[in-house]
Amino acid sequence: MRPRFRSSLIPLSIAVLMLLFMIPACGNNDDSGEAQESQAQGNLTLRLPGGGYWGHPSPFGFNRGPGYLRASLVFDTLVWRDASGETIPWLATDWELSDDNLTWTFTLRDDVHWQDGQPFTPADVVFSITYYLGNPGTAWFMAQVDQIDSVAQVGDHQVAITLKQPYAPFLATTAESMLIFPEHIWAEVDDPKTYTEPDAFIGTGAYRMVEYSVAEETYLFEANPDFFLGEPYVKRIEFVPTSDEFLALINRDVAAFDRFGGVTDEMLVPFADDPYEIETAPGEWGMFLYFNLEQDTPLQDKRVRQAIAYAIDRESLVERVLFDFGSVGSAGFLPPANPYYSPDLPGYDLDRDQARMLLDDAGYDGTPIRLAYSTDWIMASPRVVEIIEAGLLEVGIPVEHVVMDQASLDAAAREGNYEMMVVGFGGLGGDPDQLRRNFATSSPSRGFSRALGYSNPEFDTMAQAQVALTDRPAREDRIAAMQAILAEDLPVLPLYYTDRVIVYNAEVFDNWYFTPGGWGGGIPMPYNKHQFIVGVPTGLDIRE
Amino acid sequence: MLVVATRYVERVLRYPFGRADVRHVFSSIGGTTAVGLVLFLGFVFVAIFAPVLAPYNPDAFSGKPLEHPSNAHLLGTNDVGQDIFSELVFGTQISLIIGVGAGLGAVFLAVVIGGAAGYIGGWLDFVLMRLGDMLLALPRLPMLILVNALIGAGVWQMVITIALLFWPTTARIIRSEVQRVRQRTYLQLAHHFGSNRLYVLRRHVLPHITPLIVFGLVTSAGRAVALEAGLAFLGLGDPAAKSWGLMMRYALNLPGLLLTDRWLWWLLPPGVCITLLILSLTLVGIGLESRLMPGLRRQ
């Protein structure tokens, strides 16, 4: 009767030791180099860090920007955007707005086929929009389809989309991000979100969805030789999980990686020389502290929210979470990178005495406030929460932690099931109508960026008015005033904006760019499908 | 405390009737055990005097992010500018609390359950041992992940969960030893002369299982330390309890960590600490085994 500890404990300690010394070795497997064919061979494969599972790439099954990216490879929109930031033709070759600013008429290509061989027709566009309108909540929240009143086919190759009211950003948001899907497949589908039969992934897009795996968090797309612009330049796109993107790039396991904040010059030293290239762009992705005003908490009092803004050391967040690769949040929500950003707003610089005074004025009694956050993905939230909590404790606000995974957090944000929440998202460089979408009382949006329970009639009036303004300076004035109101009311405290960087191996693929204002309605990631399809920064001619 | 326990065990084994030769007991602690004990006591010392030994509060932002080692920060600073050396020193407390706590808990359960099963026997024995088999068959890490998700990831939850998972191995051994001792003629006699059960258990049975208790404690503690490090490394530990495993996780979260020298002062030290703590417990276990088991066999 010998206890078996000798046989179990020694291997255990050895295993820990080995784990330590194996970690540096992990990156050294070289077997994937073959997958990265060089550009010259005309069989260009791009393997990219996937960062997780982002839903299935049907028009209804994807999650967040990275999910939209995958779906956008398979499904197209009426218009798109290239490195110039200008709207370019896509499924539509031409578009025009009626004199009353209410009806957009799009002329569609007549040479487009669905990937199953069926012809693409204006009826598909009419069907898609009608479907979105008939099933609220199925369209991507950034597409703003609720601005559409009706849609009809005009002649053989045109559709006319009539809006409820003049809507200035229609082309850049709705037309650019609303995915068009085939009537002959989806007409019979009852539950679009969970529909994953093979034909759920048939679009007009430049790439076919070959496979995706929930468990392995991988996606594989192959070029569609019958794509309407011709065969795409990049022949194969793979999204794979990586434990360390820096190592993966050096080992040629991936062709590029991007970071939103959290990079220092020292960290990028290994990529200083050929074949690596580095591109940076200012922040259009932000981290926010949301206050749920639908719930009866001390946060209902504006002074408590302002006190929180004064109490949190947001400079420290930028220094310690982003390594100074980013900037402090603007109380008006829009980042400096947005053309409509207003610089004349209260800064809420760290001032804990001011915070305590405001709390006293508000009669705050030390009720703990629950803070929901996620430890997943790019969020870095445990560190963010550490710094937030330190600031709040300093002024006497106790915090209760509610930790969730990202999907649950997004769901809680939509359902209003939180008191305070740390949540990050992009699209901030896109059209400023996002202020109306997120903060106006009448906005039907229930995305994770929607501020709940906030209502300010003055803001609402301006939010409604700016939508119809096609005159740029007039609209700028309104948007600036809206930011001023938000900065005073603080329904949301913007914590920081992350600067962006993409590091890539130019021998594999050299045409990387950040799209001004984001693509697909404002997505700030450097993975605009246009660059993969045509292989050059602008235009529709595919590189030889 | 472990020294006292070890001595007590050896005394009981060598002189079951209570005649102790103190000098002999001293010299009988073997070299392996001694090395293990010194190491272990070193960690205990660090844990107790952590507030004195650590130059900074491990939660304080005492420097800029990602500083290299310097006089101000012996092991540099982590990604948010906290002193890595101080984190390491305070991490000792967490590992020890979890190791010793879970070890004690597991052994306590093992003694009660194994003892009851062995001494009372019958259907109780059957039920308890099948329960133990079931727990042994369960894979540990997935089970802990599940329990964590259900009851939260605090330090004490982890101690209790690990204790609940680790008792069966020791309980089985204790049960068979108790069964064996129970058959002894003198115990049967003691019964017939009217000694009550508790007296018999304490006076005659406990000394026999004491060495097993120490083994159980040492082995369970070592595995608990490794398990906690593993859980924290996977991001399933208590995010507020900055253990060594959590330090390693944060270090590896920094992309490109291994492309610079930074891993030398951020990743390696907590790994070495985990290894040394487990090693110390293992050495004590090995030493005790070679000392104590021959004695058992002789009987």
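So the sequence lines, in the order shown, correspond to chains A and Y.
The opening residue of the first sequence carries number 42 in the numbering used here; numbering runs sequentially from there.
The opening residue of the second sequence carries number 158 in the numbering used here; numbering runs sequentially from there.
From the three backbone atoms N, C-alpha and C, an ideal C-beta is built for every residue, glycine too.
Contact check, residue i vs residue j under 8 Å by CB: the rounded distance?
i, j, result
"Pro514/A", "Arg541/A", "So it is not a contact: roughly 29 Å between Cβ atoms."
"Ala448/A", "Ala396/A", "Not quite, the Cβ-Cβ distance comes to about 33 Å (not below 8 Å), so this is no contact."
"Ala586/A", "Met523/A", "With chain A covering 42 to 585 only, the question about residue 586/A has no answer from this structure."
"Gly457/A", "Asn333/A", "6 Å"
"Ala372/A", "Leu531/A", "7 Å"
Where does the unbroken beta strand (DSSP E) through residue i begin, and where does it stop?
i, result
"Arg88/A", "86-90"
"Gln341/A", "Taken as a continuous stretch (DSSP letters only), Gln341/A belongs to no beta strand (DSSP E), as it is neither H nor E."
"Leu196/Y", "First-last for Leu196/Y: 188-205, but that is the alpha helix (DSSP H), not the beta strand (DSSP E)."
"Asp135/A", "133-138"
"Ile129/A", "128-130"
"Phe466/A", "461-466"
"Tyr109/A", "Tyr109/A -> not in any beta strand (DSSP E); alpha helix (DSSP H) instead, spanning 105-115."
"Asp540/A", "533-546"
"Glu441/A", "440-445"
"Met523/A", "Element bounds for Met523/A: not the beta strand (DSSP E) but the alpha helix (DSSP H), 513-530."
"Ile583/A", "No beta strand (DSSP E) holds Ile583/A; DSSP gives it neither H nor E."
"Gln199/A", "199-204"
Keeping to the same chain, check which residues put their C-beta closer than 6 Å to that of residue i; ignore five residues upstream and five downstream.
i, result
"Ile366/Y", "Ile331, Glu334"
"Ile278/A", "Leu87, Phe262"
"Val338/Y", "Val362, His365"
"Gly311/Y", "Asp395"
"Thr189/Y", "Leu440, Ile443, Gly444"
"Gln336/Y", "Gly275"
"Ser383/A", "Gly373, Ala521, Gln524"
"Trp227/A", "none"
"Ser191/A", "Thr203"
"Tyr236/A", "Val230"
Hey, could you find the ends of the alpha helix (DSSP H) residue i is sitting in?
i, result
"Glu499/A", "498-509"
"Asp394/A", "393-403"
"Asp240/A", "Per DSSP, Asp240/A belongs to no alpha helix (DSSP H) and is neither H nor E."
"Asp290/Y", "279-294"
"Leu298/Y", "297-308"
"Arg478/A", "475-480"
What residues in its chain sit with their C-beta under 7 Å from that of residue i, if we drop five residues either side in the sequence?
i, result
"Gly432/A", "Ala352, Ile353, Asp354"
"Gly91/A", "Glu258, Thr259, Tyr260, Phe280, Val281, Pro282"
"Phe312/A", "Ile319, Val544"
"Pro266/A", "Glu272"
"Lys570/A", "Ser113, Leu114, Ala247"
"His198/A", "Thr148, Leu149, Asp151, Pro163"
"Pro592/A", "One cannot answer for residue 592/A here, as it falls past the ends of chain A, which runs 42 to 585."
For residue i, count neighbouring Cβ atoms within 10 angstroms of its own Cβ and tell me buried if that reaches 16, exposed if not.
i, result
"Gly580/A", "exposed"
"Lys205/A", "exposed"
"Thr215/A", "buried"
"Thr500/A", "Before going further, note that residue 500/A is Phe rather than Thr in the sequence given. Burial call: buried."
"Gln572/A", "buried"
"Glu286/A", "buried"
"Ile586/A", "No answer is possible for residue 586/A: it lies beyond the span of chain A, which begins at 42 and ends at 585."
"Val251/A", "exposed"
"Leu340/A", "buried"
"Ile205/Y", "exposed"
"Ile202/A", "buried"
"Glu75/A", "Residue placement at Glu75/A is poorly supported in this model, since its pLDDT is 42, which falls under 50; the coordinates still yield a value, given next. Flag for Glu75/A reads exposed."
"Asn479/A", "buried"
"Pro376/A", "buried"
"Met328/A", "buried"
"Val549/A", "buried"
"Met42/A", "With a pLDDT of 38 at Met42/A, under the threshold of 50, the predicted position of this residue should be treated as unreliable, and no value is reported."
"Trp324/Y", "buried"
Which same chain residues end up closer than 8 Å to residue i when comparing Cβ atoms and leaving out the 5 residues on each side of it in sequence?
i, result
"Tyr253/A", "His97, Pro98, Arg111, Thr259, Tyr260, Leu261"
"Ile428/A", "Ile353, Asp354, Ser357, Leu358, Arg361, Val362"
"Gly428/Y", "Trp401, Met405"
"Gly407/A", "Gly437, Ile438, Pro439"
Between residue i and chain C, is the shortest Cβ-Cβ distance under 8 Å, so that the two count as touching?
i, result
"Phe218/Y", "In summary, chain C is missing from the structure at hand, where the protein chains are A and Y."
Cβ of residue i versus every heavy atom of the ligand COA: is any distance shorter than 7 Å?
i, result
"Leu445/Y", "Absence of the ligand COA from the depicted structure is noted, as is the absence of any ligand whatsoever, leaving it without description."
- Task: For the stretch 154-189 of chain A, list the alpha helix (DSSP H) runs that are entirely contained and at least 4 residues long, ordered along the chain.
- Result: Those alpha helix (DSSP H) runs which fall completely within the stretch 154-189 of chain A and span 4+ residues are 163-175.
- List in chain order: all unbroken alpha helix (DSSP H) runs of 4+ residues lying wholly within the stretch 261-306 of chain A. 286-291
- Quick one: complete alpha helix (DSSP H) runs, 4+ long, within the stretch 315-402 of chain Y? Unbroken alpha helix (DSSP H) runs of no fewer than 4 residues, entirely contained in the stretch 315-402 of chain Y, are found at 342-349, 354-357, 363-390, following chain order.
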